[in-house]
Structures are given as structure tokens and as C-alpha cells.
């Protein structure tokens, strides 16, 4: 399966399709995910996964839910790490070949466009 898909596919669903839970894909790496990947720590237990702390729900017992200062500090540290990656993805979209429909039937062209835009963006920021 190609890692670039058209249409609205949830990120976590795509991750489970490409990287089957229970396999040894992420054993030697740390994953920094956002709250869109809740449940990944249960599906990929052999991996060190960093998810931000989710704000508790409002209830009668807890009318003003907030995160502790330590949780906020951890969330900011994780966001600072992830923002570099998000800016790199946004920078790759600067090259419009990644944003528009590719009207070519050769599947490897998509990989070439992705590699080309990643390389050009890395060259631009160096």
C-alpha cells in the first residue's frame, strides 16, 4: 500500500493500515504523536510513544478541569519537538506538486515527487 492517499482518511486509521499493530515497526524508535492518535500506546505496546496529556472532561465533580503545571510543561516540550516536523511537512507543500492531483498512472512518480520536494525543502533550510 502506498503511504500517500487521496481523500479524507484519518491519520491513525492510515497508520494502522500501513504499520500493522503488533509488528516490529517501531521497536527502536520513539514516536511523538498528537491527540489524533489516541489508543496508539495500547496498539503498539513494544514502542515508546509520547502522547500529549489530554485535558480532563468537565463534570459536576470537576467543573473547572485543567492540566497540572507539570503536564502543561510536558505538552509544551512535546509540541516544540513536533512543530519542527510539522513545519517540514508544510514546507514540502510549498512545492505544489505535493498539493495537487498527480495525473500520471505510474505509481513510482508519487514517491519521486515526495522525495524531490523533501530534498528541495531540506536544501532550502540548510
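In the UniProt record's numbering, the protein residues as written are 1 to 126. Note that the Cβ used here is the ideal one computed from N, Cα and C, for glycine as well.
- Please name the residue in 72, 85, 117 and 10 whose C-alpha comes closest to that of residue 37. 10
- Query: Where does the unbroken alpha helix (DSSP H) through residue 32 begin, and where does it stop?
  - Reply: It is not in any alpha helix (DSSP H) - residue 32 instead sits in the beta strand (DSSP E) that spans 30-32.
- Under the three-state DSSP convention, the category residue 123 falls into: helix
- Where DSSP assigns a beta bridge to residue 50, which residues make up the other side? 32
- Task: For residue 41, I'd like the list of residues in its chain whose CB is within less than 7 Å of its CB, leaving aside the five on either flank, ordered along the chain.
- Result: 49 and 51
- alpha helix (DSSP H) segment containing residue 24, residue limits: Unbroken run through residue 24: none, as it is neither H nor E.
- So what does DSSP say about residue 72, is it helix, strand or coil? In the structure shown, residue 72 falls within a helical segment according to DSSP collapsed to helix, strand and coil.
- What three-state label does DSSP hand residue 39 in the structure shown? coil
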